[in-house]
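Q: Structure in structure tokens, see below.
In structure tokens form, the structure reads like this:
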């Protein structure tokens, strides 16, 4: 996460902060600009978390997943992509965002789903 920004935001899909501007999201309870970083992988959830960090970002939250599906769907394969969120009460499961129909559901963390990294830039 970067320091708060007081800059003008670009149009959806334009270059911004090392990736593509995807729209607004939340970082905790603060507004943030969501940036989709380059790169795409397919791996287990645990490996995807580490991979996203190596890209200079994090896996998207479930809220981020909705924003990405709505605004940058064309940047994704029609597949399932891991989110950063685990399923409450089920330690072996995590949520994914589907980029075919927009569904969100959960699966075993050991499954090999696709992953993309994002960055959130706080907005003041």
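Numbering (my numbering), first residue to last: 9 to 132. Glycine is no exception: its CB is placed at the ideal position from the N, C-alpha and C atoms.
1) Which value, in whole angstroms, describes the spacing of the CA atoms of residue 130 and residue 52?
2) Return the residue from the list 35, 83, 36 and 55 that minimises the CA-CA distance to residue 27.
3) Going by other Cβ atoms of all chains shown within 10 Å of its Cβ, with 16 needed for buried, is residue 132 buried or exposed?
4) Is the beta carbon of residue 93 sitting closer than 8 Å to the one on residue 70?
5) Evaluate contact between the segment 41 to 61 and the segment 105 to 113, counting only Cβ atoms and requiring at least three cross-stretch pairs below 8 Å.
6) If you draw a straight line from the C-alpha of residue 110 to the C-alpha of residue 63, how long is it?
7) Does the Cβ-Cβ distance between residue 67 and residue 76 come in under 8 Å?
A: This is what the structure holds:
1) 29 Å
2) Measuring from the Cα of residue 27, the nearest candidate turns out to be 83.
3) exposed
4) Taking 8 Å as the Cβ cut-off, residue 93 and residue 70 qualify as a contacting pair.
5) Counting Cβ pairs under 8 Å, fewer than three are found: no touch.
6) 25 Å
7) no
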